[in-house]
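Protein chains in written order, with the working numbering: chain A, 9 to 170; chain B, 9 to 170; chain C, 9 to 170; chain D, 9 to 170.
The C-beta atom is built at its ideal place from N, Cα and C for all residues, glycine as well.
Protein chains: 4
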Amino acid sequence: MFLAHDQDLVNNGLMSNKPTPSLRSDYAHLSTITTRWMDNDIYGHVNNVTYYSYFDTAVNRYLIDAGVLDIHGGEVIGLVIETHCNYFAPLAFPRDVEAAIRVAHIGRSSVRYEIGLFEAGQEHAAACGHFVHVYVDRQTRRPTALPEAFVRALQQLQVPTA
Amino acid sequence: MFLAHDQDLVNNGLMSNKPTPSLRSDYAHLSTITTRWMDNDIYGHVNNVTYYSYFDTAVNRYLIDAGVLDIHGGEVIGLVIETHCNYFAPLAFPRDVEAAIRVAHIGRSSVRYEIGLFEAGQEHAAACGHFVHVYVDRQTRRPTALPEAFVRALQQLQVPTA
Amino acid sequence: MFLAHDQDLVNNGLMSNKPTPSLRSDYAHLSTITTRWMDNDIYGHVNNVTYYSYFDTAVNRYLIDAGVLDIHGGEVIGLVIETHCNYFAPLAFPRDVEAAIRVAHIGRSSVRYEIGLFEAGQEHAAACGHFVHVYVDRQTRRPTALPEAFVRALQQLQVPTA
Amino acid sequence: MFLAHDQDLVNNGLMSNKPTPSLRSDYAHLSTITTRWMDNDIYGHVNNVTYYSYFDTAVNRYLIDAGVLDIHGGEVIGLVIETHCNYFAPLAFPRDVEAAIRVAHIGRSSVRYEIGLFEAGQEHAAACGHFVHVYVDRQTRRPTALPEAFVRALQQLQVPTA
Chain A
9 MFLAHDQDLV NNGLMSNKPT PSLRSDYAHL STITTRWMDN DIYGHVNNVT YYSYFDTAVN
69 RYLIDAGVLD IHGGEVIGLV IETHCNYFAP LAFPRDVEAA IRVAHIGRSS VRYEIGLFEA
129 GQEHAAACGH FVHVYVDRQT RRPTALPEAF VRALQQLQVP TA
Chain B
9 MFLAHDQDLV NNGLMSNKPT PSLRSDYAHL STITTRWMDN DIYGHVNNVT YYSYFDTAVN
69 RYLIDAGVLD IHGGEVIGLV IETHCNYFAP LAFPRDVEAA IRVAHIGRSS VRYEIGLFEA
129 GQEHAAACGH FVHVYVDRQT RRPTALPEAF VRALQQLQVP TA
Chain C
9 MFLAHDQDLV NNGLMSNKPT PSLRSDYAHL STITTRWMDN DIYGHVNNVT YYSYFDTAVN
69 RYLIDAGVLD IHGGEVIGLV IETHCNYFAP LAFPRDVEAA IRVAHIGRSS VRYEIGLFEA
129 GQEHAAACGH FVHVYVDRQT RRPTALPEAF VRALQQLQVP TA
Chain D
9 MFLAHDQDLV NNGLMSNKPT PSLRSDYAHL STITTRWMDN DIYGHVNNVT YYSYFDTAVN
69 RYLIDAGVLD IHGGEVIGLV IETHCNYFAP LAFPRDVEAA IRVAHIGRSS VRYEIGLFEA
129 GQEHAAACGH FVHVYVDRQT RRPTALPEAF VRALQQLQVP TA
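1. Going along the region 34-49 of chain D in order, which residues come within less than 8 Å of chain A, judged by CB to CB distance?
2. Run the CB neighbour count on D/ALA157, radius 10 Å, all protein chains shown included, and call it buried at 16 or more, exposed below.
3. Have a look at B/LEU187 and B/HIS53 and give me their C-alpha separation to the nearest angstrom.
4. Cβ closer than 7 Å: which chain C residues qualify as neighbours of D/CYS136?
5. If you measure beta-carbon to beta-carbon, which residues of the region 83-97 of chain C are closer than 7 Å to chain D?
6. Short of 7 Å Cβ to Cβ, which residues in the region 47-75 of chain C face chain D?
7. Would you please verify whether the beta carbon of C/HIS132 is less than 9 Å from any beta carbon of chain D?
8. With a 10 Å radius around its C-beta and 16 neighbouring C-beta atoms as the bar for buried, classify C/ALA12 as buried or exposed.
9. Have a look at C/ASN55, C/GLU131 and C/SER117 and flag the residue whose alpha-carbon is nearest the alpha-carbon of C/ILE85.
10. What does the Cβ neighbour count give for A/GLY137, buried or exposed, with the cut at 16 atoms within 10 Å?
11. Counting only beta-carbon separations shorter than 9 Å, does D/PRO27 have a partner in chain B?
12. Quick one: what does DSSP say B/ASN68 is sitting in, helix, strand or coil?
13. Can you find a CB in chain C that lies within less than 9 Å of the CB of D/PHE139?
14. Could you pull out every residue in the same chain whose Cβ sits closer than 7 Å to the Cβ of A/TYR35, ignoring the five residues on either side in sequence?
15. Considering only their Cβ atoms, is the gap separating C/THR58 from C/ASP104 smaller than 9 Å?
16. Just grab the DSSP bridge partners of A/ASN48 for me.
17. For D/ILE123 and chain C, any beta-carbon pair shorter than 9 Å?
18. Should B/ILE79 be flagged as near chain A, meaning a C-beta pair shorter than 9 Å?
19. Kindly confirm or deny that the region 139-147 of chain B and the region 74-89 of chain B touch, where touching means at least three C-beta pairs closer than 8 Å.
20. If you draw a straight line from the alpha carbon of A/ASP47 to that of D/ASP49, how long is it in whole angstroms?
21. DSSP on C/LEU87, reduced to helix/strand/coil?
22. Whose C-alpha, out of A/LEU165, A/ARG160 and A/TYR51, is nearest the C-alpha of A/LEU99?
23. Quick one: which unbroken beta strand (DSSP E) runs of 3-plus residues sit fully inside the region 107-139 of chain B? Chain order, please.
24. Should D/ALA112 and D/ARG120 be called a contact, given that it needs their Cβ atoms to be closer than 9 Å?
25. Go to A/LEU38, then tell me how far its beta strand (DSSP E) extends in each direction, as first and last residue.
26. Consider the Cβ of A/PHE126: report whether some Cβ of chain C lies at a distance smaller than 9 Å.
27. Got a sec? Which residues, its chain only, sit under 7 Å from C/ALA153 by beta carbon, not counting five neighbours each side?
28. Going along chain B, which residues have a C-beta under 8 Å from D/PRO102?
29. Between B/ASN56, B/LEU31, B/PHE101 and B/HIS37, which lies nearest to D/HIS80 when the distance is taken from Cα to Cα?
30. Using only the alpha-carbon positions, how far apart do C/LEU162 and A/HIS37 sit?
31. Nearest to B/PRO29 by alpha carbon, out of B/THR148, B/VAL159 and B/GLN130?
32. To the nearest angstrom, report how far apart C/ARG32 and B/PHE96 are at their CA atoms.
33. Is it right to say B/ASP64 is buried, meaning 16 or more other beta carbons lie within 10 angstroms of its own, or is it exposed?
34. Just verifying my parser: in three-state terms, what is the DSSP assignment at C/ASP145?
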């Protein structure tokens, strides 16, 4: 019901490139997110803002489950400096969303995560996006080198073709 | 407390370009948004997701106040196909946010809105972003030419230098 | 980490009664809700507001899955006229929440739902609450008798001891 | 558009009492909250859950502005143990909400806040509710006596007739 991203939008300068929906196989890790009543806005589908809460949730849940992120007392916290999303098809409560993630780049203190959101049973992503985390010391908020265990957890999210 | 966007991040492919914070004078319209307790996440600042709810709110409030968007029964609704945000400095409850907006491109049925979020008293934007709306018929969800009055309201959001 | 509800609070008029946490067996239907990064507030646990989004989600998901609520085009919609929650223990992202529901009363056009939220593996509810829905005609917003199929779906949520 | 709370609902046990909408003059402090696009749910009005974020925001903003609550580093934090709301009339984006608050009871470590939400220009509250905070030590999470300055700030929220 959402629109294919028209080449005209790129030609006319509205968008910087013409995105295409990805596949589950383009990602390294998949998890399920249950939608909520409040996710649907007045137009009856998940509001564009909420997609980013799925991004946040999928990535941080992976890191916590991998034992490398302690959000309550850990010395390193991730600050988001860039987020982006393209929307190809609607998502809607009450259907579950599958969030697929991969890591595209690992820097000294920064990481680029790429995410695809899929409706159950659908081959193509309903939305694709990325966010860039810079990891900083909790107290000083200065960039800090990623711990080794953290890097290993990230490497497991890299895919050959990403 | 957030990070300047380092040129290294661009060089290393983590980000597509090096964004810089805009000024209020770069925009056409300014409105105030009150922050909420829930906007602050566990790290004590407004969560990156919530910035997009400020984007949505500032633009749609302008369109409704201008009398060109009827979200309950209007024939035309806006679907978001792309959103983007760069974060330069933290925002936090309970301080108000000033949302500045402009229109960068007006197509036949699509619009690119650009938004800057400012903390009261601060010269540079805490965050800058954009979103692209495609306007569709409420029933068919097919793109529809923007009504004249709508275009006029959008033109008032255009700025010479944008 | 939250507090037992002290009898003193009741004696001093702060609370109307002394609530006690319920058990899963006190309810008729159980479903899982995944938590989100944003659910945690600055104090590191799910914000009290978000519990109500779990209530809404659990009940409406049941009604939609049962085929008796069509949120997009159905003639009958539910308006909430009262909500209440008591909090006994914290919930926190990334752990899943189990939402248990029952129906306490079925009126001509109104229903009282009671909900318990459990952390996985915990015997006692982390929070208990209720909400009262009045079902109205989508157009006139006047109360309307509950359709038969709807009542049957509700009856399956009644428990002997509730 | 919401319903008057019918005495039948009380008689039939769906609700514990028959609430009536309050007036601005029933409260001690008033502040404005801007609504957001996302606040409206699929039925076109502010979702019942979001009312509680207005409660949280109005009370905590008062306490922070009064200089008695430091959410980042203060020794005392407030845990919510009970919340309640009755809904009399709809609220909707983009109209502002006025949140009126008062303190009904001050205990050694607990407080009962009562809140009325008003649409601009309306005499009667669109919703009335309360929440009970127990103040605890940030580290031990054990109840702690309210500091003197805190009590003084609370006393300014007491009204003769509340």
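Reading off the structure:
1. TRP45, MET46, ASN48 and ASP49
2. exposed
3. With chain B covering 9 to 170 only, the question about residue 187 of chain B has no answer from this structure.
4. Correct list: empty, because the minimum Cβ distance to chain C is about 10 Å.
5. ILE85, LEU87, VAL88, ILE89, GLU90, THR91, HIS92, CYS93, ASN94 and TYR95
6. ILE50, TYR51, ASN56, VAL57, TYR60, SER61 and ASP64
7. no
8. Low confidence applies to C/ALA12: its pLDDT is 48, below 50, so where it sits in the model is not reliable, and the reading given next is rough at best. Label assigned to C/ALA12: exposed.
9. C/SER117
10. buried
11. no
12. helix
13. yes
14. ALA108, ILE109, ARG110, GLY124 and VAL167
15. no
16. A/VAL54
17. no
18. yes
19. yes
20. 8 Å
21. strand
22. A/TYR51
23. 118-127
24. yes
25. 37-41
26. no
27. ARG116 and SER117
28. THR65, ASN68, ARG69, ILE72 and ASP73
29. B/PHE101
30. 38 Å
31. B/GLN130
32. 46 Å
33. buried
34. strand
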